[in-house]
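S.K.:
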Amino acid sequence: MPNDSLPPARPVFGNAEYRQLWEAIPDAVMVIDQDRFIRHANAAVQALVGYTAAELTGEPLSRIVPDEQLQSLAATLGNYLQTGERRLDWRGTRACLRHRDGHVFPVEVSFGEVRLGDQRLFATVLRDITERERSERWQAALSEISDAAHAATDL
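Given below as structure tokens:
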């Protein structure tokens, strides 16, 4: 039974409410077009890559994606656009970004796709995973030391 006390649903894309929601998302979010240009970015992108959303909007992904990953991305996206085959886990895959200051760092990227007429847009959520990877390496090193210590006591 619908709640009659609620106002009717109305689209919010492009209006002030949508903008507030977009900017409130704590993760960096960008919309990329099929030609690998950044169409939109939220404010959290600046903390991640050092560029404001305004500086990135309209720019090619090459502004923040390292050259060695750009070729792979182009091939993967091109294949997807032609075949529909997803070669990446769209729920979260590892990639690298280049910060404005030049350092390259690992991120987890999640994708979603929207078709608007003949345009295909990809929403990307980006999370810095530098600390996660550092912790995983530390845990692996500790496990290796522990295994070696146990092996030595078995002698």
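For the record, in the sequence shown the residue sitting at position 124 is 1044 according to the working numbering, with numbers rising by one throughout. Beta carbons are placed, not taken as given, at the ideal position from N, Cα and C, and that holds for glycine. These numbers were taken from a predicted model, which means no experiment stands behind them.
Under a Cβ-count criterion, where at least 16 other Cβ atoms within 10 Å of its own Cβ denotes burial, should residue 962 be classed as buried or exposed?
M.R.: Flag for residue 962 reads buried.
S.K.: Which residues does DSSP list as the beta-bridge partners of residue 992?
M.R.: Per DSSP, none; premise fails for residue 992.
S.K.: Residue 1032 bridges to which residues according to DSSP?
M.R.: 1043
S.K.: From which residue to which residue does the alpha helix (DSSP H) around residue 976 run?
M.R.: 973–976
S.K.: Less than 8 Å between the C-beta atoms of residue 1047 and residue 1034, yes or no?
M.R.: no
S.K.: Roughly how many angstroms separate the alpha carbons of residue 1064 and residue 1050, rounded to a whole number?
M.R.: It is roughly 21 Å from the alpha-carbon of residue 1064 to the alpha-carbon of residue 1050.
S.K.: How would you write the range of the beta strand (DSSP E) that residue 949 sits in, first residue to last?
M.R.: 948–953
S.K.: Return helix, strand or coil for residue 1024, following the three-state DSSP convention.
M.R.: When DSSP states are grouped into helix, strand and coil, residue 1024 belongs to the strand group.
S.K.: Within the same chain, show all residues whose beta-carbon is closer than 8 Å to that of residue 1001, passing over the 5 residues directly before and after it, in chain order.
M.R.: 954 and 1040
S.K.: Determine whether the beta carbon atoms of residue 969 and residue 1052 lie at a separation below 8 Å.
M.R.: no
S.K.: Could you please give the first and the last residue of the uninterrupted beta strand (DSSP E) stretch that includes residue 961?
M.R.: 958–961
S.K.: Looking only at its chain, what residues have a beta carbon closer than 6 Å to the beta carbon of residue 981, apart from the 5 residues adjacent to it on each side?
M.R.: Here the set comprises 956.
S.K.: Quick test of your reading: residue 951 and residue 1043, contact by CB under 8 Å. State the CB separation rounded to the nearest angstrom.
M.R.: 6 Å
S.K.: Specify the secondary structure class of residue 1014 as computed by DSSP and reduced to three states.
M.R.: If DSSP states are grouped into helix, strand and coil, residue 1014 belongs with the strands.
S.K.: List the DSSP bridge partners of residue 980.
M.R.: 957
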